[in-house]
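Contents: one structure, followed by commentary.
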Amino acid sequence: MLAYVIRRLIQSFFVLLIVLLVTFTLPYFEPGGILAPAYIVLGTHANKATIAQWGIQNGMNHPYFIRFWSYLTQVFFHFNLGHSYKQNMSVWEIISLYIPRTIWLALTALLLTIFIAVPLGMVQAARRNTTFDYAATGTAFILYAIPSFLLCMLMLQTFSFGIFHLPAQPPSGVSPWAMFTDPVPFVLPVACLTLLGVAGISRFMRGTVLEVLVQDYVRTAKAKGCSNRQVLFRHAFRNALGPIVTILGLSIPALFGGALIIESVFNYSGLGIQTVNAAQLLDVPTVLGITLLVSILTLFGNLIADIMLGIVNPRVRVESSSS
Amino acid sequence: MSTSSEVTERSKPESNVIIPLWKQRIRIFLHNKLAVASVLFLLCIIIICFLGPLLYHTNQTDQNLALGNPWNQAPSARHWLGTDSNGFDVLGRIFYGGEYSLTLGILAGFITIIFGTIYGMVAGFFGGIVDTVLMRILDALLSIPYIFLLITMVTLFSRSTLFLILIIGLTGWWGNARIIRGDALLIRKLEYSQASSAMGASKLHIIFRHVYPNSISNIVTVATFSVADAILYLSALGFLGLGIQPPQTDWGTMLQNGANQITNGYWWEIYPLAIIFVLVVVSINYVGDALRDVFEVRLLER
Chain A
820 MLAYVIRRLI QSFFVLLIVL LVTFTLPYFE PGGILAPAYI VLGTHANKAT IAQWGIQNGM
880 NHPYFIRFWS YLTQVFFHFN LGHSYKQNMS VWEIISLYIP RTIWLALTAL LLTIFIAVPL
940 GMVQAARRNT TFDYAATGTA FILYAIPSFL LCMLMLQTFS FGIFHLPAQP PSGVSPWAMF
1000 TDPVPFVLPV ACLTLLGVAG ISRFMRGTVL EVLVQDYVRT AKAKGCSNRQ VLFRHAFRNA
1060 LGPIVTILGL SIPALFGGAL IIESVFNYSG LGIQTVNAAQ LLDVPTVLGI TLLVSILTLF
1120 GNLIADIMLG IVNPRVRVES SSS
Chain B
264 MSTSSEVTER SKPESNVIIP LWKQRIRIFL HNKLAVASVL FLLCIIIICF LGPLLYHTNQ
324 TDQNLALGNP WNQAPSARHW LGTDSNGFDV LGRIFYGGEY SLTLGILAGF ITIIFGTIYG
384 MVAGFFGGIV DTVLMRILDA LLSIPYIFLL ITMVTLFSRS TLFLILIIGL TGWWGNARII
444 RGDALLIRKL EYSQASSAMG ASKLHIIFRH VYPNSISNIV TVATFSVADA ILYLSALGFL
504 GLGIQPPQTD WGTMLQNGAN QITNGYWWEI YPLAIIFVLV VVSINYVGDA LRDVFEVRLL
564 ER
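Just so you know, the sequences run in chain order A and B.
Throughout, our numbering is defined as the position within the first sequence, counted from one, plus 819.
Throughout, our numbering is defined as the position within the second sequence, counted from one, plus 263.
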């Protein structure tokens, strides 16, 4: 198990290096190249010599790989995600307060998604081709086709202005624990993000359990006299756990993507809103910094999913060590 | 004796007349009523979006905000679906935005499938170290949440229509590549590829003669879903105000404008378009599902 975890760690590290390479290299393709920020600092009419001077002062004249190395050390050892020239602050300063809020939003929604989608998918598989199954599949299909922002808007309209009168937007203070001390205003954003997740994952769970239910060992279990309930929980559920953990790991990028949309709809001050604001300001370093941070969070989530997969499915540990 | 005569009798019409493959495929597709309805619906929407403006003349360039002018007006004989908060005719705007959303979605979808197919085939077919390297790069790219990446690209470069097609097209193929690589990996190991290779066929020949035709079902299905995804992502960008810029518009931007008016009770600014939009995406997904069945070899010759 330890060897498996270490191998996964090394793999994640290389993947992280590639992500860093992408976020580091993209500004080179910006119109104006890496010297583009100079025009923000010095004004649009600055002359060439001044721009070059500024470039030298900020280390822009160093070769690509030396700059990449300093970028790496800054990110890894100083949590320095860059400097926003538009807002004249470090990117970390701009976003650090919002990180916990986005993480709590995503994590709560992920947990709720698991607790709703997994039983839902199992019930659908156990009672396949019944009215309930068709209704759930149809709903998931429609939810999948609605743009997430429209779904959130309609939820907002229904549950905030129509019935229940839930608060339309959570308090914009940046206290990370607000979600747990005062949960009511957070109900709608979390519910929307959960709904988006459930739409995708319950369908997958249904398919996985259906696949397991036709296996020989399930038939054997039935033949030796297991009740349907026992078959479902002892055999089908445990064998479907592996694919579910995998798909949950793969859905983490979509989770953060959904969080971005939901933050924009509900004006939930978090990383997503900061990204959109920075994009509207054309503040490249902040957008890149947040993208990098969210990618690191995703990688971290994938790593946890991989380790969980090793725990629930012993075959993975053995197979990957032999190959 | 009786059973064998039955068999010959039953197989007679099929053995005499060989139905061409494409006819069988069209027959399977036509058998799926829902998919046929979806295709007809999509065709209708495309035709209406492009030809509608010729019959239903509206002004989609000049805002109409002067006092007493018609904005946020309920549907009437003059404006069939009313006007929006900028004084534009909503029905005309749906045509106009649809032209952009559909064109962008289809073009971007096609670009993604070309890149995804090439990348996936190369990785899956050559296997070994090539596969490992290409797939690790893909893992890295896929761990960047896609909407964040789109926002980054839009911030870094421009927001012109052409550029939006290019960025969605050039960044949307990573998931596709993974699916097609899985296919190529599987087919490469099957007997006919192995036999072909043993008889001295070149790698290029095997790719074009065996791997590509046998993974076409997945390629076509994935291409269809890519179009739906491209339309959805474009609408998300439009919602964030980072998509197609005024005076042009797309359905995402329109939905966002309409959703802002929802609490005022101006239903005509959002619900007609929302229903069309969702139906378009659902139809594309249904067509994708049906196409998968069409290319499923096991369903042929029944």
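Using N, Cα and C, we set each Cβ at its ideal position, and we do this for glycine too.
Residue interval of the alpha helix (DSSP H) (run including residue i)
i, result
"B/T519", "The sequence as given places Gln at residue 519 of chain B; Thr does not occur at that position. Per DSSP, B/Q519 belongs to the alpha helix (DSSP H) from W514 to N523."
"A/Y890", "Y883 to H897"
"B/Y363", "V353 to F389"
"A/R1053", "Taken as a continuous stretch (DSSP letters only), A/R1053 belongs to no alpha helix (DSSP H), as it is neither H nor E."
"B/H294", "L284 to H294"
"B/F502", "I479 to F502"
"B/H468", "K466 to I469"
"B/V541", "Y534 to V557"
"B/G432", "T424 to T434"
"A/T842", "L821 to T844"
"A/V1103", "V1103 to V1131"
"B/Y529", "Looking at the DSSP string, B/Y529 is not in any alpha helix (DSSP H), and its letter there is neither H nor E."
"B/M416", "Y409 to L419"
"A/G1076", "I1071 to F1085"
"A/F1147", "It is not possible to answer for residue 1147 of chain A, since the shown part of chain A is limited to 820 through 1142."
"B/R444", "W437 to R451"
"B/I281", "Element bounds for B/I281: n/a, residue is neither H nor E."
"A/E912", "V910 to I914"
"A/K1043", "Counting along the chain, A/K1043 falls outside any alpha helix (DSSP H), and DSSP gives it neither H nor E."
"A/T1094", "L1090 to Q1099"
"B/E454", "E454 to A461"
"A/V860", "A855 to L861"
Nearest-angstrom Cα separation, counted from residue j out to residue i
i, j, result
"B/W531", "A/F1119", "45 Å"
"B/R472", "B/A486", "21 Å"
"B/G372", "B/Q336", "36 Å"
"A/F884", "A/T932", "43 Å"
"A/L1029", "A/N1058", "11 Å"
"B/F358", "B/G504", "20 Å"
"B/D552", "B/S546", "10 Å"
"A/V1103", "B/I450", "44 Å"
"A/I875", "A/I853", "12 Å"
"A/G1019", "B/D325", "42 Å"
"A/I1130", "A/A822", "13 Å"
"B/S301", "A/R1134", "43 Å"
"A/L839", "A/L1111", "7 Å"
"A/L845", "B/Q323", "36 Å"
"B/F389", "B/V474", "12 Å"
"A/V1113", "A/N899", "14 Å"
"A/S889", "A/H881", "10 Å"
"B/R565", "B/I282", "Reliability of the predicted coordinates at B/R565 is poor, the pLDDT of 45 falling under 50, and the value obtained from them is presented with this limitation in mind. Their backbone Cα atoms lie some 11 Å apart in a straight line."
"B/L305", "B/V543", "6 Å"
"B/L365", "B/Y496", "12 Å"
"B/I442", "A/P1072", "18 Å"
"B/M517", "A/S1088", "24 Å"
"A/A928", "B/A464", "53 Å"
"A/V942", "A/F951", "9 Å"
Rounded distance between the beta-carbons of residue j and residue i, thought under 8 Å
i, j, result
"B/L245", "B/W437", "For chain B, the structure presents residues 264 to 565; residue 245 of chain B sits outside this window and is missing."
"B/T434", "A/L1107", "That belief does not hold up - the Cβ atoms of B/T434 and A/L1107 are roughly 15 Å apart, past 8 Å."
"A/A955", "A/L939", "7 Å"
"A/G1016", "A/L1074", "7 Å"
"A/A1124", "A/V1064", "6 Å"
"A/I1081", "A/P966", "Between A/P966 and A/I1081 the Cβ distance is about 12 Å, and since that is not below 8 Å, they are no contact."
"A/A855", "A/E849", "5 Å"
"B/I507", "B/A522", "Actually they are not in contact, since the Cβ atoms of B/I507 and B/A522 sit about 17 Å apart, beyond 8 Å."
"A/G1061", "A/N1132", "4 Å"
"A/L1090", "A/T921", "4 Å"
"A/L1012", "A/G1077", "5 Å"
Residue i CB to nearest heavy atom of the ligand ADP below 7 Å
i, result
"A/Y890", "Among the components modelled here there is no ligand, and therefore nothing to report on the ligand ADP."
Quick one: which residues of the region 971 to 996 of chain A get their C-beta closer than 7 Å to a C-beta of chain B? List them in chain order.
From the region 971 to 996 of chain A, only M972, Q976 and F980 have a Cβ closer than 7 Å to chain B.
Any residues in the region 952 to 967 of chain A with a beta carbon nearer than 8 Å to a beta carbon of chain B? Which ones, in chain order?
Only F960, I961, Y963, A964, I965, P966 and S967 from the region 952 to 967 of chain A bring a Cβ to less than 8 Å from some Cβ of chain B.
Alpha helix (DSSP H) runs contained entirely in the region 963 to 1020 of chain A, provided each spans 4 or more residues
Counting only runs of 4 or more residues that sit fully inside the region 963 to 1020 of chain A, the alpha helix (DSSP H) segments are 967 to 975 and 997 to 1000, in chain order.
Pull out every residue of the region 380 to 403 of chain B whose Cβ sits closer than 9 Å to any Cβ of chain A, in chain order.
Within the region 380 to 403 of chain B, R399, I400, D402 and A403 place their CB atoms closer than 9 Å to a CB of chain A, listed in sequence order.
Positions along the region 1076 to 1104 of chain A whose CB lies within less than 8 Å of some CB in chain B:
Taking 8 Å as the Cβ-Cβ cut-off against chain B, the residues of the region 1076 to 1104 of chain A that qualify are G1076, L1079, I1080, S1083, T1094, V1095, A1097, A1098, Q1099, L1101, D1102 and V1103.
Chain-ordered residues of the region 843 to 871 of chain A with a beta carbon less than 8 Å from chain B:
Per Cβ criterion, the list reads L845, P846, F848, E849 and P850.
Can you list, in chain order, the residues of the region 344 to 361 of chain B whose Cβ is nearer than 7 Å to any Cβ on chain A?
The residues in question: there are none.
With 7 Å as the limit, tell me which residues of the region 1112 to 1135 of chain A have their beta carbon closer than that to any beta carbon of chain B; keep them in chain order.
For the region 1112 to 1135 of chain A, residues whose beta-carbon sits nearer than 7 Å to a beta-carbon of chain B comprise V1113, S1114, T1117, L1118 and N1121.
Output needed in chain order: residues of the region 511 to 526 of chain B with a Cβ under 8 Å from some Cβ in chain A.
Across the region 511 to 526 of chain B, CB contacts with chain A closer than 8 Å involve G515, L518, Q519, A522, I525 and T526, in sequence order along the chain.
Residues from the region 301 to 320 of chain B in contact with chain A, defined by Cβ distance under 7 Å:
Listed by position, the residues of the region 301 to 320 of chain B near chain A (Cβ gap below 7 Å) amount to none.
Please list, in chain order, the residues of the region 1056 to 1077 of chain A that have any C-beta partner in chain B closer than 7 Å.
Answer in chain order: P1072, F1075 and G1076.
Chain B contacts from the region 1017 to 1028 of chain A (Cβ-Cβ distance under 7 Å):
Against chain B - using a Cβ distance shorter than 7 Å - the region 1017 to 1028 of chain A contributes no residues.
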